[in-house]
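If you read the sequence shown in the working numbering, its first letter stands for residue 433, the second for the next number, and so on. Just so you know, even glycine gets a beta-carbon here, dropped at the ideal spot from N, CA and C. Keep in mind the model is a prediction, meaning the values are calculated, not measured.
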Amino acid sequence: MDYSEAHLIADERQDSEAAFIFNTFKHENMEYAVIKGEELMYQKIQQHLAAYYKKICDVIILYKEVLLFGPTDAKTELLNIVNADLRFENIKVEIQTSDKMTEIQKQTFVQSLFALQ
433 MDYSEAHLIA
443 DERQDSEAAF
453 IFNTFKHENM
463 EYAVIKGEEL
473 MYQKIQQHLA
483 AYYKKICDVI
493 ILYKEVLLFG
503 PTDAKTELLN
513 IVNADLRFEN
523 IKVEIQTSDK
533 MTEIQKQTFV
543 QSLFALQ
């Protein structure tokens, strides 16, 4: 995951398809916000980011174990949100830093980590 998209990959033992969640903040929004002022731009970015994280939380709450990985700090920010929410107290959520990966590399990475368990 990063700040623009999250690729949800279920363990192959699950009957679930891979899916994507996208942050809806676009470059056009940034240009408009810059014209209106820095404070408005920051608020817009935070609103879109909160909505993006909520969409991810709505999915990961369905699982017992979740691994958040990717090249940015987005995974750490999401982990902080999850740790502050009591609905996630029985869900094991871990993070791991990784380089940018292709879709096949992501699938292989997830499968290899869950195979070790």
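Return yes when the Cβ of T529 is within less than 9 Å of the Cβ of K496, no when it is not.
Along the sequence shown, read from residue 1 onward, the residue named residue 496 stands at position 64. Along the sequence shown, read from residue 1 onward, the residue named residue 529 stands at position 97. No, Cβ-Cβ distance for K496 and T529 is not below 9 Å.
Where are the beta strand (DSSP E) runs, 3 residues long or more, that stay fully inside the segment 505–532, in chain order?
Fully enclosed beta strand (DSSP E) runs of 3 or longer: 524–529.
Tell me whether I453 sits in a helix, a strand or coil according to DSSP, three-state version.
Within the sequence shown, residue 453 is the residue found at index 21, counting from 1. In the structure shown, I453 sits in a strand (DSSP, three-state: E or B).
Is it right to say V498 is buried, meaning 16 or more other beta carbons lie within 10 angstroms of its own, or is it exposed?
In the sequence shown, residue 498 corresponds to position 66, counting from 1. By the 10 Å Cβ count, V498 comes out buried.
Looking only at its own chain, which residues have a Cβ that is under 8 Å from the Cβ of D505, when we skip the five neighbours before and after it?
On the sequence shown, residue 505 is found 73 positions in, with the first residue counted as 1. Nothing meets the Cβ criterion.
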